[in-house]
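Reminder that position 256 of the sequence shown reads as 256 in full-length UniProt numbering, one-by-one numbering, no gaps.
One structure is given below, encoded as structure tokens.
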Amino acid sequence: MKGVKKAAKLGIRWKLITYFALFVAVILVLLWLFQTVFLDSFYKAIKTRNAQACGDSIVSKINSPNLGDYINELARQNDVCVRVVNGEMRDLYSADISPDCLIHHYGTFQLFLIYNYTKENGGMRFETVPQTQYQSFYSSDFGGQEIGLYPFSGGDLQMGQLTTGESAMESLIYSRIVKTEAGQEVLVLLNSTITPINPTVQTIQVQLALITIVALLLSLVLAVVLSQKISKPIIKTNNAAKELAQGNYEVSFEGGDYREIRELNSTLSYAASELSKVEALRKELIANISHDLRTPLTMIGGYSEMMRDIPGENTPENAQIILDETTRLTNLVNDMLNLSRLQSGTQTLTLTEFSLTQEIREILARYNSLTKRDGYHIVFDYKEDVTVEADQVRMSQVIYNLVNNAVNYAGQDKEILVRQRLKPGFVRVEVIDHGEGIEPEKLELIWDRYYKVDKTHRRAVVGTGLGLSIVKSVLEMHSAKYGVESAVGEGSTFWFELPLPEYLAQIDESQQQ
Ligand code: ADP
1 MKGVKKAAKL GIRWKLITYF ALFVAVILVL LWLFQTVFLD SFYKAIKTRN AQACGDSIVS
61 KINSPNLGDY INELARQNDV CVRVVNGEMR DLYSADISPD CLIHHYGTFQ LFLIYNYTKE
121 NGGMRFETVP QTQYQSFYSS DFGGQEIGLY PFSGGDLQMG QLTTGESAME SLIYSRIVKT
181 EAGQEVLVLL NSTITPINPT VQTIQVQLAL ITIVALLLSL VLAVVLSQKI SKPIIKTNNA
241 AKELAQGNYE VSFEGGDYRE IRELNSTLSY AASELSKVEA LRKELIANIS HDLRTPLTMI
301 GGYSEMMRDI PGENTPENAQ IILDETTRLT NLVNDMLNLS RLQSGTQTLT LTEFSLTQEI
361 REILARYNSL TKRDGYHIVF DYKEDVTVEA DQVRMSQVIY NLVNNAVNYA GQDKEILVRQ
421 RLKPGFVRVE VIDHGEGIEP EKLELIWDRY YKVDKTHRRA VVGTGLGLSI VKSVLEMHSA
481 KYGVESAVGE GSTFWFELPL PEYLAQIDES QQQ
């Protein structure tokens, strides 16, 4: 656990350096292994494979009339010596490209021995013979005279006293017995010289040591440069983010010459602009709420004081004003609570079947006194009673808010029309007034919380600025369409279309299928 914590604390620079160093170390270890440890075996394996391939291709052309030319060409290209002898060990073809080739020093006796060993071995044989054996034998023991006697491993004439050190040159001898078309048995001999690679390995080791130092230094420099390039914009962004956290929404997130950091910066810029909007909204909200709360409170305070101090002012009318203001305050607080509950998403709908038409009738009945006293004329136009499946309390709130707005913003004629029409799949309700209307560019905004077209808070038009936002939230929860059509000076039509129970059932069914 401690180790993990420590690793997490490492900065990008140290992480990069560590990774680079690890990477270089792995590459170098691989290089060391392949260039020094396995080089010898690789080299021998390749040589053996090559010798076998040459031998095989000679065997495949053994009946060709141009075999001699072919053997010469092959020997030259692959740096091998070739000898093809018949059953009496007489040369049929020979390609002697190097004095180091042992097979050309073989006499009849050795050839017979090789022939026998090859036969015992199933017709093909590979042998690696140290070159030193031949040379010492050839030069010192027989006074420089080539005696044509060569001891090879497995033979009776093994020469134990001669060195076969690793650094010595070796001969790779391939022998194969084949039958020609004429039924004659021939022995194909191929000699490939394996030069000692120890000096090469030593050179490579020195080079590798140098490469190791250079690579480590380079990786260090690269890691430092890279980490600086990568970490610089991150540090810059981090500092800007800290400023943002402290409330500076004007801070700019820019820079970075790679995609990820640019994307991060643009995301943070977006977050900053959204935060600043929220902040502006919060300020406006507090200003609005405090204004809305203060107005009725001032009225209540003022009237109460007046009724207490001034004789004769303790009238039912004044008491009514206090009551009205109290109702207004209660409404405001209720609206605020409702909306925050609706918008928090914690509120669920309680669906029941009820008559929407009856609900509208009851709401309009509340305005009876208003219509009688102030001359308002509210007409409900409907053809049939419509039953809906919805949240009754919330839907009545929607209708009430729309009618209330229509009353508040009604025109000189004080006429309000509520129209209910049954359409295929839904019921459409319209609340129409002939008031001042709403300017087209404001139409979108009126559904927002606390939005009021006229911010001067006229006493005649009393609103919380929350009504339409509650309407919007409730209708959206019911998957109802809604909208407004309005013309300045002519009036507004607020409408919604609530899906009917049968229709909802159909949708459910089709969704399940
Ligand atoms: P309020 O409580 O201020 O009426 P609403 O959310 O109900 O708040 O309405 C938002 C704004 O939309 C109102 O302030 C008013 O400017 C405008 N508005 C709403 N209904 C009407 C209407 N029937 N005619 C004209 N303007 C309207």
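We treat Cβ as the ideally placed atom computed from N, Cα and C, and that holds for glycine.
Exercise. Alpha carbon to alpha carbon, what distance is there between Gln52 and Asp69?
Worked result: 19 angstroms
For this session: Starting from the N-terminal side, write out each stretch of the alpha helix (DSSP H) that is 4 residues or longer and does not extend beyond the stretch 330-379.
Result: 356-365 and 368-374
Problem set entry | Lys383 in three-state terms, based on DSSP | coil
Problem set entry | Rounded C-alpha distance that separates Leu16 from Asn50 | 45 angstroms
For this session: Please find out if some non-hydrogen atom of the ligand ADP comes closer than 6 angstroms to the beta-carbon of Leu443.
Result: no
For this session: Could you please give the first and the last residue of the uninterrupted alpha helix (DSSP H) stretch that includes Pro424?
Result: Careful: Pro424 lies outside any alpha helix (DSSP H) and carries neither H nor E.
Exercise. Would you say Asp433 touches the ligand ADP, meaning its beta carbon is less than 6 angstroms from a heavy atom?
Worked result: yes
Exercise. Between Leu226 and the ligand ADP, is the CB less than 6 angstroms from at least one heavy atom?
Worked result: no
Exercise. Within this structure, are the beta carbons of Val82 and Leu190 separated by less than 7 angstroms?
Worked result: yes
Exercise. Any idea if Arg459 is buried or exposed, counting beta-carbon neighbours within 10 angstroms, 16 or more meaning buried?
Worked result: With a pLDDT of 36 at Arg459, under the threshold of 50, the modelled position of this residue cannot be trusted, and the question is left open.
Exercise. Among Val24, Gln202 and Gln246, which has the Cα closest to the Cα of Asp40?
Worked result: Gln202
Exercise. If you measure from the CB of Asn405, is any heavy atom of the ligand ADP nearer than 6 angstroms?
Worked result: yes
Exercise. Just curious, the alpha helix (DSSP H) that Lys119 is in, first and last residue?
Worked result: Thr108 to Glu120
Problem set entry | For Ala365, the nearest candidate out of Leu33, Val403, Arg428 and Arg294 (CA to CA) | Val403
Problem set entry | Any non-hydrogen atom of the ligand ADP within 6 angstroms of Leu417 CB | no
Exercise. When you compare only the Cα positions, how much space is there between Val4 and Ile12?
Worked result: Caution is warranted here: a pLDDT of 44 is assigned to Val4, below 50, making its placement in the model unreliable, and no coordinate value can be reported.
For this session: Just grab the DSSP bridge partners of Pro130 for me.
Result: Glu170
Exercise. Does any heavy atom of the ligand ADP sit closer than 6 angstroms to the C-beta of Ser340?
Worked result: no
Exercise. Buried or exposed: Gly122, going by 16 or more other Cβ atoms within 10 Å of its Cβ?
Worked result: exposed
Exercise. The beta strand (DSSP E) with Tyr43 in it runs from where to where?
Worked result: Premise fails: Tyr43 lies in the alpha helix (DSSP H), Leu39 to Ser60, not in any beta strand (DSSP E).
Exercise. Going by Cα to Cα distance, which pick from Ile310, Leu293 and Arg176 is closest to Glu325?
Worked result: Leu293
Problem set entry | Under 7 angstroms between C-beta atoms of Ser175 and Thr128 | no
Problem set entry | Expected contact under 8 angstroms - CB spacing of Val188 and Val59 to nearest Å | 6 angstroms
Exercise. Where do the N-terminal and C-terminal ends of the beta strand (DSSP E) with Ala487 fall, by residue?
Worked result: Lys481 to Ala487
For this session: Please state whether DSSP places Leu10 in a helix, a strand or coil.
Result: coil
For this session: Could you tell me which of Ala75, Met89, Ile399 and Gly247 sits nearest to Tyr367, measuring between CA atoms?
Result: Ile399
Exercise. Got a sec, what are the start and stop residues for the beta strand (DSSP E) Gly491 sits in?
Worked result: Gly491 to Pro499
Exercise. Near Phe380, what residues of its chain come up, given a Cβ to Cβ distance below 7 angstroms and the 5 sequence neighbours on each side ignored?
Worked result: Ile360, Arg361, Leu364 and Val418
For this session: May I ask you to verify whether the stretch 484-497 touches the stretch 426-437, counting CB pairs closer than 8 angstroms and requiring at least 3?
Result: yes
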